[in-house]
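Student: As given, the protein sequences belong to chains A and B, one line each in that order. Numbering of the first sequence is given in our numbering, commencing with residue 133 and proceeding in unit increments. Numbering of the second sequence is given in our numbering, commencing with residue 133 and proceeding in unit increments. Here a beta-carbon is modelled for each residue, glycine too, at the ideal position from N, C-alpha and C. Every value quoted in this text rests on a predicted model; they were computed, and no experiment measured them.
2 protein chains.
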Amino acid sequence: MSHTLGIRQAQKQKTRQAFLDAALALLEEQSLSSLGLREVTRAVGVAPTAFYRHFRSTADLGVALVDEALGSLHPMVRTTVSTAGGSEERIARAIELIARHVDTHPAHVRFIARERHGGVQPVREAIRAQLVRFAEEVKAELAKDSEAAGWNDDDLLMLAHLYVDQMLITASLFLEALEAPAEQRERVTQLAARQLRLITVGRRHWLD
Amino acid sequence: MSHTLGIRQAQKQKTRQAFLDAALALLEEQSLSSLGLREVTRAVGVAPTAFYRHFRSTADLGVALVDEALGSLHPMVRTTVSTAGGSEERIARAIELIARHVDTHPAHVRFIARERHGGVQPVREAIRAQLVRFAEEVKAELAKDSEAAGWNDDDLLMLAHLYVDQMLITASLFLEALEAPAEQRERVTQLAARQLRLITVGRRHWLD
DNA sequence: TCATCCAGTTAACAACTGTTCTCCGGAATT
DNA sequence: AATTCCGGAGAACAGTTGTTAACTGGATGA
């Protein structure tokens with residue numbers, strides 16, 4: 133059912149992607165609410181008015197960036213949470229996955245961290261909606277685990293949120309250590325592992 | 133040793149405070165990196181050039197706002213963490229304190245949450261430095277607790293960071309629920325309590 | 001082949017930005 | 001009483017901003 137796009141639509145999507153890429157690069161050193169429309173078109177190498185063919189406003193572009201940054205991440209999270217193995221190796225694998233993702237998509241991660249509480253309401257809401265989805269998916273995976281026996285729904289969702297928030301905090305720490313020596317990156321890894329370990333311990337004794 | 137300021141210095145501090153207040157109000161709906169110098173002076177009702185008498189740039193103003201927002205909060209945190217009582221009442225008291233602070237200083241809290249990962253580097257660093265201080269202070273209080281026996285320094289600091297991050301997350305949730313019905317605010321309280329409870333459980337069984 | 005569509009261009013608009021230099025008048029100092 | 005200090009005002013600067021309208025030329029579909 134994947135129809136090959138016409139020359140026209142293909143070109144449009146190409147320039148649209150160029151807008152997204154240019155904006156993401158510019159947003160490494162500023163927030164969305166200060167990103168100018170002309171600034172983006174200049175970076176793409178196109179007339180200012182061309183912007184309107186793709187986005188209503190920079191806020192609109194921001195929402196598109198949220199989808200690009202988080203939309204394709206859901207399957208990854210699902211499989212990571214559900215992978216079998218001892219708790220210690222699961223923790224190591226999750227942290228490894230975060231570290232790798234920050235390495236390969238630093239600008240996307242920075243954008244999400246920055247605009248989650250940023251100055252543009254529609255973007256904040258888009259991010260919040262995605263994070264709620266993540267939490268629900270994590271909760272669904274947690275519910276399958278044998279350790280979830282006896283847990284009520286509210287407690288499961290609470291734990292899922294805790295995990296999601298913790299992942300964001302860890303990602304942000306890796307981001308800060310991106311250009312730091314390997315030593316500091318290792319310290320971030322250790323800290324994150326310890327925190328996940330403590331949560332795991334709390335989870336294990338929750339029903340006492 | 134508190135010397136009464138001369139008329140001149142008093143007036144200067146007064147306008148400086150007017151700058152801070154006006155900026156904080158403007159920052160409710162945008163981020164610092166898009167805050168214009170003229171925008172602030174217009175809100176204060178003063179000539180644009182007057183700005184330079186108080187701040188080098190808007191980034192400089194932002195750093196001053198960080199100190200105003202977090203500087204006076206340290207004693208509060210210290211006493212809150214160290215207050216005696218059962219763990220359940222301590223949790224309730226901490227959450228109550230956060231809720232009250234968000235109610236009385238919403239703009240300050242929003243500013244910190246927004247600029248913690250925002251687009252202005254000096255401000256990010258100022259916030260980070262303050263949060264590190266908070267974590268160290270919390271760690272020092274935790275170390276006094278009888279439950280900390282056998283804990284090493286790294287683990288204590290890890291737990292302290294967990295608490296500090298959790299406080300920020302909770303504050304941010306209260307902020308989102310500021311104008312929401314009491315029902316939702318109660319749900320935030322319950323969620324935060326549950327999460328702190330799980331951390332407490334993990335803490336209690338850490339040395340197993 | 002011819003008419004239609006539409007992504008991108010060009011030109012122009014009033015409004016706004018940060019920063020400079022020069023000046024004023026009341027407070028502070030001598 | 002005379003002088004210095006200094007927070008703020010005023011005017012002007014070159015550049016920037018978002019948005020509009022009318023246009024161009026190649027892809028599209030009849």
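Distance check for Thr302 (chain A) and Arg222 (chain A), CA to CA, integer angstroms please.
Tutor: Within the first sequence, numbered from 1, the residue matching residue 222 (chain A) stands at position 90. Within the first sequence, numbered from 1, the residue matching residue 302 (chain A) stands at position 170. Whole-angstrom Cα-Cα distance: 15 Å.
Student: Distance, Cα to Cα, Ser165 (chain B) vs Gln143 (chain B)?
Tutor: Residue numbering aside, residue 165 (chain B) sits at position 33 when the second sequence is read from its first letter. Residue numbering aside, residue 143 (chain B) sits at position 11 when the second sequence is read from its first letter. If I take the Cα positions, the gap works out to 28 Å.
Student: Are the Cβ atoms of Lys271 (chain B) and Leu289 (chain B) separated by less than 8 Å?
Tutor: Reading the second sequence from its first residue, position 139 is the one you call residue 271 (chain B). Reading the second sequence from its first residue, position 157 is the one you call residue 289 (chain B). Yes, these two residues count as a Cβ contact at 8 Å.
Student: Does DSSP classify Gln149 (chain A) as helix, strand or coil?
Tutor: Reading the first sequence from its first residue, position 17 is the one you call residue 149 (chain A). The answer is helix: DSSP assigns Gln149 (chain A) an H, G or I state.
Student: Give the single residue among A:Ala281, A:Tyr184, A:Asp297, A:Ala314 whose Cα lies nearest to the Cα of Gln327 (chain A).
Tutor: Counting from one through the first sequence, the residue named residue 327 (chain A) turns up at place 195. For the residues A:Ala281, A:Tyr184, A:Asp297, A:Ala314, the minimum Cα distance to Gln327 (chain A) belongs to A:Asp297.
Student: Need the endpoints of the alpha helix (DSSP H) that Pro254 (chain B) sits in, please.
Tutor: In the second sequence, counting from the first residue as 1, residue 254 (chain B) sits at position 122. Run containing Pro254 (chain B): 253 to 276, per the alpha helix (DSSP H) assignment.
Student: Taking a Cβ distance cut-off of 7 Å, strictly less, list which residues of the segment 153 to 168 of chain A are near chain B, in chain order.
Tutor: Answer in chain order: Glu161, Gln162, Ser163, Ser165, Ser166.
Student: Going along chain B, which residues have a C-beta under 7 Å from Met290 (chain A)?
Tutor: Working through the first sequence from its first residue, we reach residue 290 (chain A) at position 158. Those within 7 Å of Met290 (chain A) in chain B are Leu323, Arg326, Gln327.
Student: Have a look at Val198 (chain B) and Arg260 (chain B) and give me their C-alpha separation to the nearest angstrom.
Tutor: Numbered from 1 along the second sequence, position 66 holds the residue referred to as residue 198 (chain B). Numbered from 1 along the second sequence, position 128 holds the residue referred to as residue 260 (chain B). In a straight line, the C-alpha of Val198 (chain B) is about 10 Å away from that of Arg260 (chain B).
Student: Pull up the distance between the alpha-carbon of Asp169 (chain B) and that of Leu263 (chain B), whole angstroms please.
Tutor: Working through the second sequence from its first residue, we reach residue 169 (chain B) at position 37. Working through the second sequence from its first residue, we reach residue 263 (chain B) at position 131. Here residue 169 (chain B) is Leu; the residue named in the question, Asp, does not match the sequence. So the alpha carbons of these two residues sit roughly 28 Å apart.
Student: Counting only runs of 4+ residues fully inside the segment 206 to 230 of chain A, write out the alpha helix (DSSP H) ranges in chain order.
Tutor: Runs of the alpha helix (DSSP H) inside the segment 206 to 230 of chain A: 206 to 214.
Student: I need the DSSP call for Asp340 (chain A), collapsed to helix, strand or coil.
Tutor: Your numbering for residue 340 (chain A) matches position 208 in the first sequence. It is coil, neither helix nor strand.
Student: Can you grab the Cα-Cα spacing for the pair Ile331 (chain A) / Leu323 (chain A), in whole Å?
Tutor: In the first sequence, residue 331 (chain A) corresponds to position 199, counting from 1. In the first sequence, residue 323 (chain A) corresponds to position 191, counting from 1. In a straight line, the C-alpha of Ile331 (chain A) is about 13 Å away from that of Leu323 (chain A).
Student: Helix, strand or coil for Phe187 (chain A), going by three-state DSSP, please let me know.
Tutor: Position 55 of the first sequence, counted from the start, is the residue given in the question as residue 187 (chain A). In the structure shown, Phe187 (chain A) sits in coil (DSSP, three-state: anything other than H, G, I, E or B).
Student: Does any residue of chain A bring its CB to less than 8 Å from the CB of Gly194 (chain B)?
Tutor: On the second sequence, position 62 is the one that residue 194 (chain B) refers to. No, Gly194 (chain B) lies away from the interface with chain A (no Cβ there is under 8 Å from its Cβ).
Student: Contact check, Ala175 (chain A) vs Leu152 (chain A) under 8 Å by CB: the rounded distance?
Tutor: Position 43 of the first sequence, counted from the first residue, corresponds to residue 175 (chain A). Position 20 of the first sequence, counted from the first residue, corresponds to residue 152 (chain A). Incorrect: roughly 11 Å between the Cβ atoms, too far for contact.
Student: Restricting to Cα atoms, I'd like to know which of A:Met208, A:His240, A:Leu305 is closest to Arg225 (chain A).
Tutor: What you label residue 225 (chain A) is simply residue 93 of the first sequence in a count that begins at 1. Of A:Met208, A:His240, A:Leu305, the residue nearest in Cα terms is A:Met208.
Student: Any C-beta of chain A sitting closer than 8 Å to the C-beta of Ala245 (chain B)?
Tutor: Counting from 1 along the second sequence, the entry for residue 245 (chain B) is found at position 113. Output row for Ala245 (chain B): interface = yes.
Student: Going along the segment 293 to 305 of chain A in order, which residues come within less than 9 Å of chain B, judged by CB to CB distance?
Tutor: Correct list: His293, Leu294, Asp297, Gln298, Ile301, Ser304.
Student: Is it a yes or a no for the segment 332 to 339 of chain A touching the segment 299 to 315 of chain B, going by three-plus beta-carbon pairs under 8 Å?
Tutor: Touching, no.
Student: I'd like to know whether the C-beta of Glu257 (chain A) is nearer than 8 Å to at least one C-beta of chain B.
Tutor: Start at 1 with the first residue of the first sequence, and residue 257 (chain A) comes out as number 125. Output row for Glu257 (chain A): interface = no.
Student: Measure from the alpha carbon of Thr211 (chain A) to the alpha carbon of each residue in A:Glu220, A:Gly250, A:Glu269, A:Glu257, then state which is nearest.
Tutor: One-based indexing of the first sequence puts residue 211 (chain A) at position 79. The candidate whose alpha carbon is nearest that of Thr211 (chain A) is A:Glu269.
Student: Please confirm whether Ala201 (chain A) and Phe243 (chain A) have their CB atoms less than 8 Å apart.
Tutor: Taking the first residue of the first sequence as 1, we reach residue 201 (chain A) at position 69. Taking the first residue of the first sequence as 1, we reach residue 243 (chain A) at position 111. Yes.
Student: Output the distance between the C-alpha atoms of Ala231 (chain A) and Ala312 (chain A), rounded to the nearest integer angstrom.
Tutor: Within the first sequence, numbered from 1, the residue matching residue 231 (chain A) stands at position 99. Within the first sequence, numbered from 1, the residue matching residue 312 (chain A) stands at position 180. One C-alpha to the other measures close to 13 Å.
Student: Report back the beta-carbon spacing between Ala258 (chain B) and Leu274 (chain B) to the nearest angstrom; my notes put them in contact at under 8 Å.
Tutor: Counted from its first residue, the second sequence places residue 258 (chain B) at position 126. Counted from its first residue, the second sequence places residue 274 (chain B) at position 142. Incorrect: roughly 25 Å between the Cβ atoms, too far for contact.
Student: Taking only three categories from DSSP, how would you classify Gln162 (chain B)?
Tutor: By 1-based counting over the second sequence, the position of residue 162 (chain B) is 30. Residue state, collapsed to three classes: coil.
Student: I'd like the span of the alpha helix (DSSP H) that includes Thr181 (chain A), first residue to last.
Tutor: The residue labelled residue 181 (chain A) in the question sits at position 49 within the first sequence. Premise fails: Thr181 (chain A) is in no alpha helix (DSSP H) and is neither H nor E.
Student: Are the beta-carbon atoms of Arg246 (chain B) and Gly194 (chain A) separated by less than 8 Å?
Tutor: Position 114 of the second sequence, counted from the first residue, corresponds to residue 246 (chain B). Position 62 of the first sequence, counted from the first residue, corresponds to residue 194 (chain A). In this structure, Gly194 (chain A) does not lie closer than 8 Å to Arg246 (chain B) by Cβ.
Student: What would DSSP say about Leu310 (chain B), mapped onto helix, strand or coil?
Tutor: By 1-based counting over the second sequence, the position of residue 310 (chain B) is 178. Here Leu310 (chain B) sits in coil by DSSP.
Student: If you draw a straight line from the C-alpha of Gly203 (chain B) to the C-alpha of Thr147 (chain B), how long is it?
Tutor: What you label residue 203 (chain B) is simply residue 71 of the second sequence in a count that begins at 1. What you label residue 147 (chain B) is simply residue 15 of the second sequence in a count that begins at 1. Cα to Cα, the separation comes out at about 20 Å.
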